[in-house]
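Line by line, the protein sequences give chains A and B.
Its first residue numbered 0, the first sequence is counted upward by one per residue in numbering that gives the first Met the number 0.
Its first residue numbered 0, the second sequence is counted upward by one per residue in numbering that gives the first Met the number 0.
All C-beta atoms in this analysis are idealised placements derived from N, C-alpha and C, irrespective of residue type, glycine included.
All figures in this text were calculated on a predicted structure; none of them were measured in a lab.
Written out below as C-alpha cells is the structure these notes cover.
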Amino acid sequence: MNTNYYYSNILVSTKNKPFLDVLQAHAEENKHQIYVLSGPLVDGKYKYDDDSLMIVLSSKHRIAFVTTRAMSEDFKDLCDDIIEDIGSVSDKYGYKEKIGRPRKWRDKLTCSYSTCDIKDVDRWFNEDIALKDDEDFRILDLLLSLFIGSINDIECISTEEPDNILDKVKNKILLFDGQQTRFIYEELEAEGKRITIQGLSGTGKTELLMHKLRDLYLRNDDKAVFGFTCYNKILARKLRERIQNFFNFMKVEKQIDWNRLLCISAWGSHINNHSGIYRYICDFYDIGFYSLREIGTFDSACKNAIEQVRGKINEYGYAFTYTFIDESQDFKESFFELCELVTEKKCFVAGDIFQSIFEEKKQNAQPPNFLLSKCYRTDPKTLMFAQALGMGLFEKQKLWWLDEEQWKQCGYTVKIDGNQYTLTREPLRRFEDIDPDFDSLKIIGIKSLKDDIVALIHRIYDEFKTVKPEDIAIIFLDTEKYIYQCAVDLEHAIGSKLGIECNIAYESKKTEEGKILISNRYNVKGLEYPFVICITQKILRDKSYRNTMYTMLTRSFVRSYLILPKGDGNGFTKDMYEGGQYIMKEKRIVITAPTPQEQEQIKAWIKGGKQALSLEDRINIIFGELNISDTNIQDTIKKSLTGIPIKNSDAKLKELIKAFYYSIDDESDSA
Amino acid sequence: MMKVILRKIEPYESKKFSKTLRCQKDYTMVLLEITRKLLNNYDAIEKVTSPSQAYIKLVIDKQSRLFVYLSKDKYFSFEYSNKVEVDLYTKEVKSIYTTSGINCTLELISNAISILNDVKSDSIIEVYESRDNEDAFMNLEAYKLLEYFWAHEPCYLRYDYDPLNSKGALHPLNHLDVNISVNGSYKIGLKSRLAPDEFENIVNKSTDCYFLIEKLPSHLMVLKANKKLKKKGSRKK
Numbered sequence: 000m001n002t003n004y005y006y007s008n009i010l011v012s013t014k015n016k017p018f019l020d021v022l023q024a025h026a027e028e029n030k031h032q033i034y035v036l037s038g039p040l041v042d043g044k045y046k047y048d049d050d051s052l053m054i055v056l057s058s059k060h061r062i063a064f065v066t067t068r069a070m071s072e073d074f075k076d077l078c079d080d081i082i083e084d085i086g087s088v089s090d091k092y093g094y095k096e097k098i099g100r101p102r103k104w105r106d107k108l109t110c111s112y113s114t115c116d117i118k119d120v121d122r123w124f125n126e127d128i129a130l131k132d133d134e135d136f137r138i139l140d141l142l143l144s145l146f147i148g149s150i151n152d153i154e155c156i157s158t159e160e161p162d163n164i165l166d167k168v169k170n171k172i173l174l175f176d177g178q179q180t181r182f183i184y185e186e187l188e189a190e191g192k193r194i195t196i197q198g199l200s201g202t203g204k205t206e207l208l209m210h211k212l213r214d215l216y217l218r219n220d221d222k223a224v225f226g227f228t229c230y231n232k233i234l235a236r237k238l239r240e241r242i243q244n245f246f247n248f249m250k251v252e253k254q255i256d257w258n259r260l261l262c263i264s265a266w267g268s269h270i271n272n273h274s275g276i277y278r279y280i281c282d283f284y285d286i287g288f289y290s291l292r293e294i295g296t297f298d299s300a301c302k303n304a305i306e307q308v309r310g311k312i313n314e315y316g317y318a319f320t321y322t323f324i325d326e327s328q329d330f331k332e333s334f335f336e337l338c339e340l341v342t343e344k345k346c347f348v349a350g351d352i353f354q355s356i357f358e359e360k361k362q363n364a365q366p367p368n369f370l371l372s373k374c375y376r377t378d379p380k381t382l383m384f385a386q387a388l389g390m391g392l393f394e395k396q397k398l399w400w401l402d403e404e405q406w407k408q409c410g411y412t413v414k415i416d417g418n419q420y421t422l423t424r425e426p427l428r429r430f431e432d433i434d435p436d437f438d439s440l441k442i443i444g445i446k447s448l449k450d451d452i453v454a455l456i457h458r459i460y461d462e463f464k465t466v467k468p469e470d471i472a473i474i475f476l477d478t479e480k481y482i483y484q485c486a487v488d489l490e491h492a493i494g495s496k497l498g499i500e501c502n503i504a505y506e507s508k509k510t511e512e513g514k515i516l517i518s519n520r521y522n523v524k525g526l527e528y529p530f531v532i533c534i535t536q537k538i539l540r541d542k543s544y545r546n547t548m549y550t551m552l553t554r555s556f557v558r559s560y561l562i563l564p565k566g567d568g569n570g571f572t573k574d575m576y577e578g579g580q581y582i583m584k585e586k587r588i589v590i591t592a593p594t595p596q597e598q599e600q601i602k603a604w605i606k607g608g609k610q611a612l613s614l615e616d617r618i619n620i621i622f623g624e625l626n627i628s629d630t631n632i633q634d635t636i637k638k639s640l641t642g643i644p645i646k647n648s649d650a651k652l653k654e655l656i657k658a659f660y661y662s663i664d665d666e667s668d669s670a
Numbered sequence: 000m001m002k003v004i005l006r007k008i009e010p011y012e013s014k015k016f017s018k019t020l021r022c023q024k025d026y027t028m029v030l031l032e033i034t035r036k037l038l039n040n041y042d043a044i045e046k047v048t049s050p051s052q053a054y055i056k057l058v059i060d061k062q063s064r065l066f067v068y069l070s071k072d073k074y075f076s077f078e079y080s081n082k083v084e085v086d087l088y089t090k091e092v093k094s095i096y097t098t099s100g101i102n103c104t105l106e107l108i109s110n111a112i113s114i115l116n117d118v119k120s121d122s123i124i125e126v127y128e129s130r131d132n133e134d135a136f137m138n139l140e141a142y143k144l145l146e147y148f149w150a151h152e153p154c155y156l157r158y159d160y161d162p163l164n165s166k167g168a169l170h171p172l173n174h175l176d177v178n179i180s181v182n183g184s185y186k187i188g189l190k191s192r193l194a195p196d197e198f199e200n201i202v203n204k205s206t207d208c209y210f211l212i213e214k215l216p217s218h219l220m221v222l223k224a225n226k227k228l229k230k231k232g233s234r235k236k
C-alpha cells in the first residue's frame, strides 16, 4: 500500500515482496521517503522490458537499480540505458547545466544490486547505499526529482547548499510524497468520475492539479477540452498565469490552446461566453444564463442549469473532457454536480479540509479519494500555533473542537490521556536544515503602526541578509475602513524611510517583484511568502475572522508575525502567549478536551456562525425569500440600506427590506 | 480666493505619476492616485526649494488645474474640477468632493483603483456585471466615482524637453504634447525651454494668451532650406 512516505509502482510478487516489505516498513518507521519504481515516472514514456527491475530512490541514498534475478551483463546494460535516459531528461529540463553529464555522477550516485546478494535489507539501505558525502546530497535530490517528475524550477535552484535559513528553505528541492505521486501518475479508473483531494492549505493541492492537467493535456488528442476553475476571478487569472509558467518550465512543447483549456472563474458574465465555466456551459447547451443580480446565489444558478442540461447531454455531448476545480470549499455541491454532468471523463475537485470539516453535509459525504495531511508550506510549529489560535484552543471556551479522526485528517498525531489531548505533527523535509527552535511565529505588540512596522522590516533585513522586497507580505486581517488609511500610511512610511516600493494587491490584483505586498484577506489565496506580517486591531471571537487569521498566519514559509496594538483590549491573553511559547519549545499542543456539554455549545455556535455570508449575499437571499426580482427595485432597496447600521441580524435586515419594498410599492401606487 | 496646494513626490512613488498616458484608463488612474495624494497631508510642502524636486501643484481658482512636475524637463497638467475642502488654520486638506457630490474617501478611491485594474476593453459596466461575492468588500459607490472620473474631459497638456528622442521639426527638442489618445494627440514645438510659471500661464485663462508666431524657429528654417538645396543639387547631378 502506498502511503505518504512510501510509493511503489512495482507489481508485488513472491520474489520481491520480502524486499519491498522491509523498505516500506523502514520508510514508515523512520518517516523517510522511499520510492521504488519500475522506471522513471517523468513524461510517462520510459518503459523497460525487465520485470525484475526495481529502482530504489531516497534522499541521501544512492540510486539503486535492484534485480530479483542474479546480476547479469544484460541487467548492467539496462542500468546504463536508464542512466542515459535520465541524462536526456536532465537535458530537457535544463538540469544538465547544474548537475552535469551522467559520467559526472553515475559512479558516485548510482549502484546496482541483486536481491540475492542483499542479506539484510535494512542494513543494505542504511549502510551499503547510504551516501556519505553531503556535497552530493543536492545533486542526488535533483536526480530523484527527475525520476519522479517533481520538476523544480532549475533557475531558482543551486547545487550548492545555501548558508542561511531563508535561502535554505527557498532553495529546498521539492519532491512529491507517496500520495502526491499516486495522484499524478495513477489512472484512478476505479475511483469514479469525481476525484476529490482534500488537505490543509499549503499541502500542494493546486500544484498537483497542474501536474495532473499537464499529464492529461499531453496524453489526450486535440479534441479534448479542459476546464480549470475556482470561484474567485482574481485567483482564476493567477491560475492561468501559473499554468502558463508551469507548462513552460515543465517544457510542454505543445502550444497551450486556451480555447480548449479554459482557465476561468466559475460564474462569468453575460457579455463573454468564455468568462466563466457556468457561462460556457450555458452557451454550450444553449440554456439561459443568470448573473448574481438575476438569481441571487451561484447555487441556484447551478441547480437551474443541472435541470436544463440533463436532458441535453445526448444531443449536445459533453462540454468538457476533464474538469479541475480548485478551492472547492467555496462551492456548494450543485456546482460539482453540474461539472460532473457535463464532463466526459474525470472531474478533479481539490479543497481545504479544515474549512469544510464542520459543514454537516460534508460529514456524511464520501471520504476524499486523496487526503493530503502534510502541509509543505509552513513550519509545523507555525501551523500548530495558528490553528490553536484560530480554534480558540487556549481560551476557556474553545471555539472549535475536532474529534480524533478529524485531528488525524488535519495531519496530527493524536495521543489521548483521559481528557488530555497531545497533538503533534511530523517534521517536514523542507525545514529539516533549520534549527528546530527557530521562532517561526512571533506576536508583537506595537504603539505606532507606521514606525513599528518599518522597524520590523528593518529587523527582517538585518536578520536575513538575502531577503528581497517581494519576500514580505503585509496582510490586514480586519475589514474595517481604517485599513485604507493604514495601507497608504504604510506605503508612504516604507517608501520614504526604507526606499522600498509597495504593491497594494487588493488594488493591483497581481504580485510584483521588487515590492512589498500589502493586502487584505481577500486577495492572498494560493500565495505564499517567506515572511507574512498579519495586522489586526483585536483578536475577535468570530468564526470567519478566526478562520482568516489561521489561513493568513500559515501563508509564510519562514516566519509569520501577528501584530496587535500594545496593552489591554487587544484580545491576546496570557494563556495564548503561554500556549504559543509551549508549542515553539515543545513542538506540540497539549490541551484539555471540552466537556460534552461544552462540545454541544461549540456545535451550536458553529452552526449559527456557519453562514458567514457577505451582506450582499444576505440581502440577495432575502430578495429571493420575498420574491423581489426586479433589479431596479433591488438596487433602490440596496441604496436605501447603505449607511443604516442595523444589519447584524437577518431578521432585522429582512424587516428593513420589507419596509423599503412596501414603501416603493406605495409610492408607485400613488403615482 | 486662489488656493495653492503642494505635495512633494517621493522617489518611491514617482512611477505612479510618470507613466505615459495613452488612454482614458491611464488618465483615470493618475487622477485617482493624485486625489489620494492630495488627501494625505504628510507630503504637504509650502514651497518648492530644490529645482530637482518632483511635486504636484493644485491651483484652485475660477478654474482649477493640476500641475505635475516630474523633473525640470517633464511636466503635465490637467483640469481638476473636484471641490477640495481645506482647513482654514492647519491648511490641511480635509475632504474632496466631486461636483456630483461623491465624497472621495480613501476607501472609495482604493476600490475604484481596484475596479479600474479589472477594466478590459474600456468597459466599466462589464466589471460591474461580472462582480461576485468576492467583491463584496467593494463599496458600490466606487463604480460611480470611477464613472465620474472616467467621463471627465482631461484637458491635458504636457511639456517635454526630450534630447533623447528629438528629431528636427518632427519631434522638437522642446515641445508641448496636447491630448492623450495616440490618434488624437499632437505636438507643438517650442523655440526654447519653458519654465513652470510660463507653462502655468499657457493654461491660465486670466493671463495673456501665447501666440504661435512662426511655424518654425529660425535655425530649423535654415536647416530645412539647406536640405532642400542639397536635394536639388543631387537631382541635377
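Give the single residue among the options whose Cα lies nearest to the Cα of residue i.
i        : options                                   : result
Ile114/B : Lys232/A, Tyr375/A, Leu561/A and Lys397/A : Lys232/A
Asp48/A  : Glu28/A, Leu56/A and Asp76/A              : Asp76/A
Arg278/A : Glu12/B, Glu128/B, Asp117/B and Lys82/B   : Glu128/B
Leu427/A : Arg617/A, Lys586/A, Glu500/A and Tyr289/A : Lys586/A
Lys344/A : Ser518/A, Tyr216/A and Leu238/A           : Tyr216/A
Thr205/A : Leu563/A, Thr478/A, Asp351/A and Gln307/A : Asp351/A
Val47/B  : Pro195/B, Thr97/B, Gln23/B and Glu78/B    : Pro195/B
Does DSSP put residue i in a helix, a strand or coil?
i        : result
Thr180/A : helix
Gln610/A : With a pLDDT of 38 at Gln610/A, under the threshold of 50, the modelled position of that residue is not reliable, and the figure given next carries that caveat. It is coil, neither helix nor strand.
Phe175/A : coil
Lys361/A : Unreliable placement is indicated for Lys361/A, whose pLDDT of 47 sits below 50; the coordinate value is still reported in the next sentence. Of the three classes helix, strand and coil, the one that applies to Lys361/A here is helix, per DSSP.
Met28/B  : helix
Gly568/A : coil
Pro216/B : coil
Ala168/B : coil
His210/A : helix
Lys232/A : helix
Val35/A  : strand
Pro468/A : helix
Ile237/B : With chain B running from 0 to 236 in the structure shown, residue 237/B is simply not present.
Ile4/B   : strand
Ala53/B  : coil
Thr635/A : helix
Please report the straight-line C-alpha distance between residue i and residue j, rounded to a whole angstrom.
i        : j        : result
Ser17/B  : His491/A : 17 Å
Phe146/A : Gln254/A : 25 Å
Ile55/B  : Val67/B  : 5 Å
Asp523/A : Val531/A : Here the sequence assigns Val to residue 523/A, which means Asp is not the residue at that position. Spanning the two alpha carbons is a distance of roughly 11 Å.
Lys7/B   : Val29/B  : 15 Å
Asn363/A : Ala300/A : In this predicted model, Asn363/A has a pLDDT of only 45, less than 50, meaning its place in the structure is not dependable enough to derive any value.
Lys169/A : Ile108/B : 36 Å
Leu208/A : Val3/B   : 57 Å
Tyr147/B : Lys464/A : 47 Å
Just to confirm, is the Cβ distance from residue i to residue j under 7 Å?
i        : j        : result
Ile164/A : Leu141/A : no
Val41/A  : Val88/A  : yes
Val348/A : Phe319/A : no
Lys653/A : Ile627/A : no
Leu241/B : Tyr483/A : Given a span of 0 to 236 for chain B in the structure shown, any question on residue 241/B remains unanswerable.
Met53/A  : Ile150/A : no
Lys190/B : His174/B : no
If residue i sits next to residue j, beta carbons under 8 Å apart, how far is it from one beta carbon to the other, in whole angstroms?
i        : j        : result
Cys103/B : Ile112/B : In fact, because the Cβ distance is near 12 Å, the residues do not count as touching under 8 Å.
Pro39/A  : Ile98/A  : 15 Å between Cβ atoms; not a contact.
Tyr4/A   : Lys30/A  : 6 Å
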